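Visitor: My numbering applies: residue 330 is where the sequence shown begins, and numbers increase by one. Heads up, the beta-carbon is just placed ideally off N, CA and C, and yes, glycines get one too. Keep in mind that this is a model prediction, so the values were computed, not measured. The structure follows.
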Amino acid sequence: MAAVVAVLKMPPWSFLTREDLASCGEVNRDMTGEVPGDGTACLAAAETSGTGAELKVTDYTVEGDPIFTYYRVVPERSGMEVFIDSRDGYGKKGWTHLSCPQAHAVPDVGTCEEA
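Spelled out as structure tokens, the structure:
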């Protein structure tokens, strides 16, 4: 019987060495595409207070493959930092690191660029 091994890309160094921030928890995006209010309120409070925080949001493709998105409000930086770990078997697989300087809400982060 042959074993199937999924090869996942390692997280980028910028993710592995990211600043520790308070956790806003881990949530699943609902069927409407909305992120539950507790997580977004936590990030907004962290931005207002200047303390910083991270929220992990899990989405699933139509086929059921997970996509993990880490939204981060970092002290003394404008907007958000976003890491995406896609395990999409039919699309882009791997890690993406974005800087979203105008972001003030999840999931509408505005214009982002590769970090």
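Quick one: measure Cβ to Cβ for residue 408 and residue 384, integer angstroms, because I've assumed they're closer than 8 Å.
Guide: About 14 Å separates the two Cβ atoms, so there is no contact after all.
Visitor: Using alpha carbons as the reference points, say which of 394, 431, 381, 430 lies closest to residue 414.
Guide: 394
Visitor: Let me check understanding here. Comparing Cα to Cα, which of 387, 444, 371 lies closest to residue 428?
Guide: 444
Visitor: According to the Cβ coordinates, are residue 410 and residue 401 closer than 7 Å?
Guide: yes
Visitor: Would residue 404 and residue 379 qualify as a contact pair, given that the criterion is a beta-carbon distance under 7 Å?
Guide: yes
Visitor: What would DSSP say about residue 354, mapped onto helix, strand or coil?
Guide: DSSP places residue 354 in strand when its eight states are reduced to three.
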